[in-house]
Ligand SMILES: [Fe+2]
């Protein structure tokens, strides 16, 4: 979905023989979506990207069973109660999931293996710290507040900073893009969309690494496989196209506000298969003299709503204990709104400093045992004023 970029050495014509500096021919790879009928990139490798010398199945300890949220209750998941450490791929704890998306939390302290997800794009929201995303397209530095989109099939490695990197990870069964209503017929972000191309960051130069017998972990629908490559996959001297990993900082999302409360679609940032992702960012409150500044009660009848609370004060959640690092799940079938006292507390406020990421799924999410273990048992009853603290 991002616009055209070119990095490194790319020949003037595509699909022609290209000698590299040594005189040997480069290996051209076309990486494309939807059967090469959608966005694509051309990458120029020094070595064959197909030269695999070994393959072994790997047990995926992240694999969990998701079971129905039954009895149906809203949930408050406290990520601070999850174990820290590991890497940003195998260290993920899966909390919620369905056929379209897996929602995980990770606090990474060490580099990951080389990895690629062959089942869909990954959308990573960096909640704390940062690091480097090393990819066959080059290196992307990421930090707190970044959404990072790693396209399906991109070989990459996460290298957290010394202080680590905490992140919410969405593994999507398909592709993540921008809402079509933000785009012109030829794909440019329109005036009026809450961010533009200048806000998108991509690898700026190729990353070339030497090495032989290099392992790469591959997630497919059949599970995890570790391939061993004859030569290091980071051997791309140049690439171009409209398909590449990129970052968009939530702090570059320009909020749309109004005299009265604006509906959730004004916060939309990404669209995916049977899901949307929205950003709630610091903004002036509604300015009608009688405006109710926190959200009205709502029944999002086709969606399960997941909100990750990143920073700031969450006026609508009252004294429920929801704060930075919290995840709430408000499932379809449960009408929800501000907790008691929230409307009154917001009446004299002129701004909200809240920062949050919302995932709406159009199919029901299942809940993992890990999510149940960090659920606040009092949260379902907090609208009735019986929350015990
Ligand atoms: Fe909601």
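Numbering (the working numbering), first residue to last: 336 to 724.
Ideal Cβ positions, reconstructed from N, Cα and C, are used throughout, including at glycine.
With distances taken Cα to Cα, identify the nearest neighbour of residue i among the options.
i, options, result
"residue 401", "716, 700, 712", "700"
"residue 589", "691, 435, 617", "617"
"residue 416", "646, 710, 714, 453", "710"
"residue 379", "572, 350, 576, 666", "572"
"residue 558", "580, 360, 393, 522", "393"
"residue 546", "498, 614, 593, 566", "566"
"residue 583", "370, 476, 519", "476"
"residue 434", "562, 509, 705", "509"
"residue 714", "412, 355, 343, 341", "412"
"residue 492", "568, 503, 653", "568"
"residue 639", "404, 497, 356", "404"
"residue 627", "600, 677, 613, 439", "677"
"residue 560", "525, 351, 420, 454", "454"
"residue 528", "541, 681, 613", "613"
"residue 645", "625, 684, 615, 654", "615"
"residue 654", "716, 633, 682", "716"
"residue 548", "389, 438, 683, 439", "389"
"residue 681", "625, 634, 712, 495", "625"
What does the alpha-carbon distance come out to for the pair residue i and residue j?
i, j, result
"residue 474", "residue 348", "25 Å"
"residue 458", "residue 674", "30 Å"
"residue 663", "residue 381", "47 Å"
"residue 422", "residue 443", "5 Å"
"residue 694", "residue 391", "34 Å"
"residue 550", "residue 490", "11 Å"
"residue 452", "residue 554", "5 Å"
"residue 479", "residue 464", "6 Å"
"residue 661", "residue 505", "16 Å"
"residue 703", "residue 414", "13 Å"
"residue 552", "residue 397", "14 Å"
"residue 671", "residue 665", "7 Å"
"residue 429", "residue 360", "43 Å"
"residue 484", "residue 469", "13 Å"
"residue 631", "residue 598", "10 Å"
"residue 448", "residue 427", "13 Å"
"residue 651", "residue 718", "11 Å"
"residue 577", "residue 511", "13 Å"
"residue 720", "residue 538", "50 Å"
"residue 356", "residue 343", "13 Å"
"residue 277", "residue 518", "Residue 277 lies beyond the residue range present for the chain, which begins at 336 and ends at 724; the question has no answer from this structure."
"residue 502", "residue 466", "11 Å"
"residue 556", "residue 395", "12 Å"
"residue 340", "residue 641", "33 Å"
"residue 499", "residue 450", "19 Å"
"residue 420", "residue 370", "38 Å"
"residue 621", "residue 383", "57 Å"
"residue 708", "residue 418", "12 Å"
"residue 385", "residue 564", "8 Å"
"residue 440", "residue 353", "43 Å"
"residue 541", "residue 488", "17 Å"
"residue 306", "residue 525", "The structure shown does not extend to residue 306, since the chain spans only 336 to 724, so no value can be given for it."
"residue 496", "residue 462", "13 Å"
"residue 536", "residue 633", "35 Å"
"residue 494", "residue 521", "35 Å"
Find out if the Cβ-Cβ distance for the pair residue i, residue j is shorter than 8 Å.
i, j, result
"residue 375", "residue 368", "yes"
"residue 595", "residue 623", "yes"
"residue 688", "residue 647", "yes"
"residue 482", "residue 643", "no"
"residue 373", "residue 532", "no"
"residue 345", "residue 570", "no"
"residue 530", "residue 606", "no"
"residue 472", "residue 609", "no"
"residue 667", "residue 629", "no"
"residue 658", "residue 649", "yes"
"residue 669", "residue 406", "no"
"residue 486", "residue 580", "yes"
"residue 431", "residue 706", "yes"
"residue 516", "residue 619", "no"
"residue 534", "residue 456", "no"
"residue 725", "residue 592", "With the chain covering only 336 through 724, there is no way to say anything about residue 725."
"residue 507", "residue 601", "no"
"residue 562", "residue 387", "yes"
Only counting runs of 3 or more residues, tell me where the beta strand (DSSP E) segments fall wholly within the region 412 to 458, in order along the chain.
-> 428 to 432, 436 to 443, 450 to 452
What are the start and end residues of each continuous alpha helix (DSSP H) run of 4 or more residues lying completely inside the region 628 to 665, in chain order?
-> none
Which whole runs of the beta strand (DSSP E) in the region 683 to 718 are 3 residues long or more, in chain order?
-> 690 to 696
Mind pulling the beta strand (DSSP E) runs of 3 or more residues that sit fully within the region 486 to 547?
-> 491 to 507
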